[in-house]
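Taking it in order: structure first as structure tokens, then the write-up.
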Amino acid sequence: MGRDKSQLLLGGVTLLEHGVRRLRALGFAAAVAGLRAGALPPFGTPVVADAFEECGPLGGMEAALRSLASLPAQPVLFVAVDLPLLPAALLEQLWQRALCTGALATVPYLVGRPQPLCAVYHSSLAAGFAEALAREDRKIMRVLESLVPLDRFDRFRVEALAATHQEQPAAGPMSFTHAWFANANTPEDWQRIVSASDPGVQSFVPGCTGHGLHASIAAVPAEGGDAQ
Numbered sequence: 030m031g032r033d034k035s036q037l038l039l040g041g042v043t044l045l046e047h048g049v050r051r052l053r054a055l056g057f058a059a060a061v062a063g064l065r066a067g068a069l070p071p072f073g074t075p076v077v078a079d080a081f082e083e084c085g086p087l088g089g090m091e092a093a094l095r096s097l098a099s100l101p102a103q104p105v106l107f108v109a110v111d112l113p114l115l116p117a118a119l120l121e122q123l124w125q126r127a128l129c130t131g132a133l134a135t136v137p138y139l140v141g142r143p144q145p146l147c148a149v150y151h152s153s154l155a156a157g158f159a160e161a162l163a164r165e166d167r168k169i170m171r172v173l174e175s176l177v178p179l180d181r182f183d184r185f186r187v188e189a190l191a192a193t194h195q196e197q198p199a200a201g202p203m204s205f206t207h208a209w210f211a212n213a214n215t216p217e218d219w220q221r222i223v224s225a226s227d228p229g230v231q232s233f234v235p236g237c238t239g240h241g242l243h244a245s246i247a248a249v250p251a252e253g254g255d256a257q
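In this text, residue positions in the sequence shown follow our numbering: the first is 30, and each later residue adds one.
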């Protein structure tokens, strides 16, 4: 997009605040990783600074997992800031699968393609992520496949959940499952997201090209929360 996607407005709310609210509503405590300097997080939301700067999503994930080093090892839910159409049911299913299977990585697959920016990663992967970044390996799936044994890598088929999902956004030419994972890399992408969120709304972001920032939100169960 050529600008900080976390600050784009959807329904009068920034994508960053939208994501934090969604996770809090599910009973999670949220923190922001990979936030651009000068961007303001929602009030009361911790920001985790990258140790490996300009390293894309993996840098933010490493920072978030590393920030939990003083706590018992645990799964952490990650959601990219520019995925506002993900339904709560998918996030809940990912989390419950991670708890039930004990997998080190729980990654949704859509039509056979991994979606690693909406996934659950175990905090014990922090050191492996750091080692990969130190050797300038930033490809999330390649790093995961080198770190996670096959029997601890849960590849979750989104279609299995979509078959019973009733809340289908008006996504136009996109199937509703593809709309779930639509992100804002171009003005056209953003317009499709806005239209899918509310078909009556029109929006345009002038002069936006390229990929912009890969901010993400990391979440663990809040104390007394419902994310069990």
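Even for Gly, the Cβ is constructed at its ideal location relative to N, Cα and C.
Do you know how far the Cα of residue 107 is from the Cα of residue 145?
9 Å
In this structure, does DSSP put residue 185 in helix, strand or coil?
strand
Where residue 140 falls: helix, strand or coil (DSSP)
coil
Can you tell me whether DSSP reads residue 249 as helix, strand or coil?
strand
Return the chain-ordered ranges of every alpha helix (DSSP H) run that is complete within the region 106–157 and spans a minimum of 4 residues.
117–130
Can you list, in chain order, the residues of its chain whose CB lies under 6 Å from that of residue 258, leaving out five sequence neighbours each side?
The question about residue 258 has no answer, for the chain in this structure spans 30 to 257.
If you reduce the DSSP assignment to three classes, tell me which class residue 61 lands in.
strand
Just tell me which of 126, 82, 132, 185 has its CA closest to the CA of residue 141.
185
Applying the criterion that 16 or more other CB atoms from any shown protein chain within 10 Å of the CB defines a buried residue, is residue 46 buried or exposed?
buried
List the endpoints of the continuous alpha helix (DSSP H) containing residue 91.
85–95
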